[in-house]
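Protein chains in written order, with my numbering: chain A, 1097 to 1704; chain B, -16 to 105. Think of the CB as a built atom: it goes at the ideal place given N, C-alpha and C, for glycine as much as any other residue. Nothing here was measured: the structure is a model prediction, and the numbers come from that model. For reference, the structure discussed in these notes is given below.
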Amino acid sequence: MDRSGVGAMGPPGRDAPGDVAKIGKAQQAGEDQLRFILQAGRMGTWEWNVETGSVCWSPELEAIHGLAPGAFEGTFAAFQEDIHPEDREHVLRAVASSLEQARDHHIEYRIVRPDRRVRWVEGRGKVFSGPSGAPSRMVGVCMDVTERKTAEEALRESESRFRSLAALSSDWYWEQDEHFRFTDFSPAVQDLAGSSVASHIGKTRWELPTVGVTEEQWARHRAVLERHEPFRNFEYCRLNERGDTIWMAANGDPIFDAAGRFKGYRGTGNNITERRRVEVALRESEQRFRTMANAAPAMLWITEADGTASFLSRGWYEYTGQRGGDVHEAGWLQAVHPDDRETAAGVFGDANAERKPFSVDYRLRRASGDYGWAIDAGRPRFGADGAFLGFIGSVIDITERKQAEERQKLLLDELNHRVKNTLAIIQSIASQTLRETPQPAAFKEAFSARLAALAGAHSLLTKALWRGASLRDIVAVTLTPFVSSSRQEAVDIGGPAVVIEPNAAVTLCLVLHELATNAAKHGALTAPDGRIAVSWSRTEQAAPQPPQIELSWIERGGPPAGLPNKRGFGSRLVAASADQLGGEAALEFNTRGLEARLRFPLPPPARQ
Amino acid sequence: MTALQGIRVLVVEDEPMLSLALQDLLVDCGCVVAGAAARLEPALDLARTLAFDIAVLDANLGGKRVDPLAEEIAARGLPIVFVTGYGLDGALRNVRAPVVEKPYQDETLRRAMIQALGQRHG
């Protein structure tokens, strides 16, 4: 096999004849040099004589094909045998077309070595024409590019792995050039964010329509990019091609080439619109709850599963004067009255353990230091999965209710006392009346009249909520049953405004009733022109003495008053009443008629 | 009724109608009403100066408790019966004596007086 010409790039066998020895020497030196280069570059050369069909390979090409030097058969068919079956057709077509059009070719293909190993080859070929103009020879260079091909393949695989990982961990990926302009975007952005890939390409992130990102935020983001630093979760709001606002979060890493030059950014992005919406809704809901909790008249609170307080509404702080730091864990208990603390802690502790609603009353210290009554009621909280989360509850000041209850008890006690006292008075009236008038008919009349006087006193006092009654009303109510409508002038009532406390008012009613009864039976009211003047005066005394009241009862126009019966009920009642009032009484029985005078200090009005 | 025959009683009751009825009852029982008062100050004077065997005291005089009066009488070694419209809470703390609630039956008061006199003598 002749290889002398193989390796030269020029058409062998066409050298002009001349000083062969000289030229041959120089040529030999050049060929040695060339061979060295070819070996270093793992390049092989070949020559194909189209007319004869013989093919010459350099030893380097034989080595690429896994053949020992000189082992190549020297036919095109033998070469064709070595080509990987999948690439064979494409190589033959390239060669054929190269011959037909007398054009160079450049192809890549795989070969299968005798040991079955597959190698990648890159080949270039050139066509030379014979004197007839038809192609006569073809020469070429082949290079083993398996390693480059493998590296390329690995890169492609790594790239595709990155993309599939990016696709799994995020909504889309993107790439930017060194000027931060998008060069690539995964198509998912169209479906997931409503923006086409094309709308991104060639633009920076801030050149895209965005809302809700301040100049300052952009400046910070761009500063990170300019420093070629990675960034995470840069959140911004895009206006997509449909006009929707889409919240996005971007992560990016800078890309550098082998020489360490910055080439741009690559990263992923996510549509976080739903998350933002939920966050905003949650924040709003939280805000609404706090606003409501703080505006509510009750104090609201939340505890966690371990029983520690995590929220107390503003009302609690305002009521107790505690501060945020005071209520941590069980700090709120410090505002509870020391005597009630154990009970409150026990009730709450049990409820927390049993996860059951509770309600407990305790005294709660106000910011001023005094204590109010409060009712604290709570219910357990459970998550959507049924997990126990703690309690939520409210504390309501029930001081007024408690005081009202106490007031009510006092009022009931007082009412009970009054009823018993009144029954005792009625009992006494009955026994006194019975002593005086044992005959049933007379008893009934006298007893009923005295009861009516007592009832009149009670009616007056009830109208004024048992604070007292005016002396004028006491006199008028008591005398009314004794004055016929046609003889209104028979009684003359006059005096300044005076309010009499309840016990004294009852006494005065009963005394006046006895005097009127006497007048109707024996005195002025028995005569057609008889008159009674009931008058009173009020005389101020030096402090602290109360004013002095002098009440006088003067009968005129009736028969002369009979001799006084000191043991008579009326006389005794007048005297006993004067004793009760701390005053004195005088009864005069003269020919013009009865004159009674009752002087007493005005008792202070009843407290209520 | 002989148990109380001739017993001298100090009556302290601020309600005139009740005071009169009580005095009549005592007379019916053979007692002598040694004195009667409706207010604390006159009652204190009587408690110090009057000769009597037993006092029947309304526990509350015009809103004032009769503790000083009861202590004065107890200091003299004389028995007391309390009459009250405020239930048993109306009884005095420092002075041990029978308590009769208003309204009362005549017999109830009589027994209370006998009891008080008996305690004093026993």
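For residue i, list the residues DSSP reports as bridge partners.
i                       : result
residue 1397 of chain A : A/1408, A/1489
residue 1066 of chain A : Residue 1066 of chain A falls outside the range modelled here, since chain A spans only 1097 to 1704, and no answer is possible.
residue 1666 of chain A : Paired residue(s): none; residue 1666 of chain A is not in a bridge.
residue 1330 of chain A : A/1346
residue 1648 of chain A : A/1631, A/1693
residue 1682 of chain A : A/1693
residue 1458 of chain A : A/1470
residue 1590 of chain A : A/1631
Determine, for residue i, whether the minimum Cβ-Cβ distance to residues of chain A falls below 8 Å.
i                      : result
residue 1 of chain B   : yes
residue 48 of chain B  : no
residue 41 of chain B  : no
residue 68 of chain B  : yes
residue 93 of chain B  : no
residue 45 of chain B  : yes
residue 31 of chain B  : no
residue 105 of chain B : Any reading at residue 105 of chain B needs caution, since the residue's pLDDT is 42, under 50, leaving its predicted position unreliable; the model's value is listed next. No, no contact with chain A.
residue 90 of chain B  : no
residue 28 of chain B  : no
residue 55 of chain B  : no
residue 38 of chain B  : no
residue 86 of chain B  : yes
Give me, in chain order, the residues of the same chain whose beta-carbon lies closer than 8 Å to that of residue i; leave out the 5 immediate sequence neighbours on both sides.
i                       : result
residue 1209 of chain A : 1161, 1162, 1178, 1215
residue 1677 of chain A : 1600, 1603, 1694, 1696, 1697, 1699
residue 1545 of chain A : 1577, 1609, 1613
residue 1704 of chain A : Low confidence applies here, because residue 1704 of chain A scores a pLDDT of 46, under 50, leaving its location unreliable; read the following figure in that light. These residues qualify, in order along the chain: 1561, 1562, 1563.
residue 1135 of chain A : 1156
residue 1102 of chain A : Confidence at residue 1102 of chain A is low in this model, with a pLDDT of 42, below 50, so its placement is unreliable and no value can be given for it.
For residue i, which residues in the same chain have their Cβ closer than 7 Å to its Cβ, ignoring the five residues on either side in sequence?
i                       : result
residue 1283 of chain A : 1293
residue 1688 of chain A : 1652
residue 1175 of chain A : 1151
residue 1299 of chain A : 1277, 1278
residue 1100 of chain A : Here residue 1100 of chain A scores only 43 on pLDDT, less than 50, and its place in the model is too uncertain to base an answer on.
Does residue i come within less than 8 Å of chain B when only Cβ atoms are used?
i                       : result
residue 1503 of chain A : no
residue 1406 of chain A : no
residue 1644 of chain A : no
residue 1685 of chain A : no
residue 1603 of chain A : yes
residue 1676 of chain A : yes
residue 1531 of chain A : yes
residue 1692 of chain A : no
residue 1672 of chain A : yes
residue 1704 of chain A : Any reading at residue 1704 of chain A needs caution, since the residue's pLDDT is 46, under 50, leaving its predicted position unreliable; the model's value is listed next. Output row for residue 1704 of chain A: interface = no.
residue 1617 of chain A : no
Identify which residue in the options has its Cα closest to the Cα of residue i.
i                       : options                        : result
residue -9 of chain B   : B/36, B/5, B/54                : B/36
residue 113 of chain B  : B/102, B/48, B/86              : Residue 113 of chain B falls outside the range modelled here, since chain B spans only -16 to 105, and no answer is possible.
residue 1588 of chain A : A/1638, A/1531, A/1648         : A/1648
residue 1635 of chain A : A/1222, A/1153, A/1591, A/1373 : A/1591
residue 1341 of chain A : A/1289, A/1327, A/1387, A/1371 : A/1289
residue 1238 of chain A : A/1231, A/1326, A/1355, A/1141 : A/1141
residue 1464 of chain A : A/1417, A/1408, A/1388         : A/1417
residue -5 of chain B   : B/8, B/31, B/42, B/34          : B/42
residue 1454 of chain A : A/1621, A/1435, A/1488         : A/1488
residue 1309 of chain A : A/1297, A/1611, A/1334, A/1580 : A/1334
residue 1339 of chain A : A/1323, A/1319, A/1307, A/1315 : A/1307
Residue i lies in the alpha helix (DSSP H); which residues open and close that run?
i                       : result
residue 1621 of chain A : Unbroken run through residue 1621 of chain A: none, as it is neither H nor E.
residue 1546 of chain A : 1536 to 1559
residue 1502 of chain A : 1495 to 1532
residue 1314 of chain A : 1311 to 1322
residue 1390 of chain A : 1369 to 1391
residue 31 of chain B   : 23 to 32
residue 1186 of chain A : 1181 to 1197
residue 1160 of chain A : 1155 to 1160
residue 1448 of chain A : 1434 to 1450
residue 1177 of chain A : 1172 to 1178
residue 1567 of chain A : 1567 to 1575
If you drop the 5 nearest sequence neighbours on each side, which residues of the same chain put their C-beta closer than 6 Å to that of residue i?
i                       : result
residue 59 of chain B   : none
residue 87 of chain B   : none
residue 1098 of chain A : At residue 1098 of chain A, the pLDDT of 43 sits below 50, so the modelled position is not reliable; the number obtained from the coordinates is stated separately. For residue 1098 of chain A, where only same-chain residues beyond five positions count, there are no Cβ hits under 6 Å.
Could you give the first and the last residue of the continuous beta strand (DSSP E) run that contains residue i?
i                       : result
residue 1215 of chain A : 1214 to 1225
residue 67 of chain B   : 63 to 67
residue 1232 of chain A : 1231 to 1240
residue 1207 of chain A : 1201 to 1208
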